[in-house]
Amino acid sequence: MKTLAATLLFSFTAGAFAQTATPCPESVGTATCYTGVDANGAHYWIAIPEHWNKTLVMHAHGGPRLKAIDRETSLEDLERFVVTVRQGFAWAGSSYRRPGYGARMAAEDTENLRKIFLAKFGKPQRTILHGQSWGGNVAAKGIELYGVNADGSRNYDGVVLTNGVIAGGTRAYLHRADLRAVYQFYCNNHPRPDEPQYPLWMGLPADAKMSNKELEARVDECTGLKHPAAQRSEQQRKNLANILGVIPVPERTLLGHMNWATFLFRDVNAKVTHGHSPFGNRNVVYKGSADDAALNRGVPRFDADAQGVAALAEDSDMTGKIPVPVITMHAIGDPTALVEYESAYRETVEKAGNGDKLLQTFTDEHEHSKLADAEYAALFDALTQWLDSGKRPTPQQVAQRCAQTEKTFSGGCHFRPEYQPQPLFSRVAPR
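In the numbering used here, the protein residues as written are 1 to 431.
Written out as structure tokens, the structure is:
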């Protein structure tokens, strides 16, 4: 019999709950679910399986999503990562209080939801923080901000970061800033010459009315991206080849990266840097085009300013001060979050003296938003064993664990235990 879920509304000031029953998503299986809105307006879902292992997984979702939030926002995340509930973990995920950028905000909303869970259900035996995609940045920032209380007690026992944007905001978006500059050199239609000009680092002016569809049309106009290769003009083929030759993104996600470098950059400017540039390419030397000399002579240039960089760093860069074990998993062929972000994160963690708390694993996959269920199950099993034994597992042991979890969960096992990513600036133009 399907268990019923209750809608749970929480007030931090009154400490009261209002509940309304509603069914769990069918994919969750036998579990009890709760939805609600926190004091800051963030929607959330909680799912507790019938045979709960007494460990809570706090999920930080990716994006940043720019569309309006509602009750269904976190339902999508629950259904995508239902493997954790089926594995026996309780799961809780926040929509965050508003759309758009803000790693600190999202980390605070995730922490607020953890407190809601504790107030309703008591403290679980363990709590694990999981971040996927940009949620990896949120979780990596969150564990540094909320991992340990002032009295030394811990709120979280471990962290899982999957396909995470974990180079920090000041480094993770540099290739998208480069994309805007290189695209403009070849296409000169974003903005067009007869439109108001603006520095490309800001994405779009705050009052610009451009839609996603209009941006898509402009990219297609220049590159033929939305048409089969045989239908592209010679100039479109050259433009596309040059852009992809210089910028480390695949053709299939070029439009997505252009969207982020347009609409997300505008959001970063509005919500975090407030008119100050966090990105610069003044002295960057671009390579990989048919004529690098011409590109570097004519590419639009812009400067980062110290205030903009500091604001973005304060919001979404990490210090490496991780108080608990962290396991990461990253697809080598991730078309959205570069696998080299892992090198940048390791460098940060090791510089802080915490390399022994970090285990990184890699898979031979080419997706971003979700990898194989069996691999997530193996990660959470491996982290649980690490917490039980105090001994950090090896990538080989995680792969071996996956051979067991794939008997129950789908997607197969694609771990590459021997793989080590190159430095970030071996793939992104250094500056």
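Ideal Cβ placement from N, Cα and C applies to all residues, glycine included.
Since the model is a prediction, treat every value here as computed from it, not as a measurement.
The closest CA to that of P278, considering only I69, N189 and G203, is found on G203. Taking the CA atoms as reference points, H175 sits about 6 Å from V428. Take W52, set aside five residues on each side of it, and the residues of its chain with a beta-carbon closer than 7 Å to its own are G88 and A90, in chain order. For L244, same chain residues with a beta-carbon under 8 Å away, outside a window of 5 residues either side, are P250, E251 and L254 in chain order. The beta-carbon distance between G152 and A139, rounded to whole angstroms, is 21 Å. This is too long to meet the 8 Å contact definition.
For G298, the closest C-alpha among the options G275, Q184 and G29 is that of Q184. The three-state reading of DSSP puts V272 in helix, counting H, G and I together. Spanning the alpha carbons of E214 and R232 requires a straight line of approximately 19 Å.
When only Cα atoms are considered, D292 and V285 end up about 8 Å apart. Per DSSP, S233 lies in no alpha helix (DSSP H) segment and is marked neither H nor E.
Around the beta-carbon of S389, fewer than 16 other beta-carbon atoms lie within 10 Å, marking it exposed. The residue among G93, D194 and D70 with its C-alpha nearest the C-alpha of L56 is G93. Take A378, set aside five residues on each side of it, and the residues of its chain with a beta-carbon closer than 6 Å to its own are V398, R401, C402 and T405, in chain order.
In terms of CA proximity to A344, P421 leads the group R192, D157, P421 and L264.
DSSP, reduced to helix, strand and coil, places A107 within a helical segment of the structure shown.
When secondary structure is reduced to three states using DSSP, Y341 falls in the helix class. Per DSSP, the beta-bridge partners of V57 are W91 and I128. Across the structure, S369 and P64 are spaced so that their CA atoms are roughly 12 Å apart. S95 is classed as buried because its beta carbon has at least 16 other beta carbons within 10 Å across all chains shown.
Per DSSP, L179 lies in no beta strand (DSSP E) segment; the continuous alpha helix (DSSP H) that holds it begins and ends at L174 to C187. Within the model, the alpha-carbon separation for P23 versus T30 is close to 10 Å. By the criterion of a C-beta distance shorter than 7 Å, G100 is surrounded in its chain by P64, L66, D267 and K271, once the five residues flanking it on both sides are discounted.
When DSSP reads this structure, F362 sits in a beta bridge with H330. Membership of L215 in the alpha helix (DSSP H) is indicated by the continuous run N212 to T223.
Residue state for R65 is assigned as coil, using DSSP reduced to three classes.
Fewer than three beta-carbon pairs drawn from the region 187-207 and the region 154-162 are found closer than 8 Å, and the two stretches are therefore not classed as touching.
Looking only at R80, H61, A47 and E108, the smallest Cα-Cα distance to D315 is reached by E108.
Around the beta carbon of T73, 16 or more other beta carbons lie within 10 angstroms, which makes this residue buried. In this structure, I128 lies away from D38, with their beta-carbon atoms at least 8 Å apart. For the region 244-318, there is no continuous beta strand (DSSP E) assignment of 3+ residues that stays within its boundaries. G41 and K407 have their C-alpha atoms spaced approximately 41 Å apart. Take the alpha-carbon of D77 and the one of A290: they are about 42 Å apart. In the three-state DSSP reduction, A47 falls in the strand class (E or B).
Every alpha helix (DSSP H) stretch that sits fully inside the region 343-425 and reaches 4 residues is listed by chain position as 373-389 and 395-405.
Excluding sequence positions up to five before and after L240, its CB lies within less than 6 Å of the CB of T223, all in the same chain and listed in chain order. Rounded to the nearest whole angstrom, the C-alpha separation of G36 and E26 is 19 Å.
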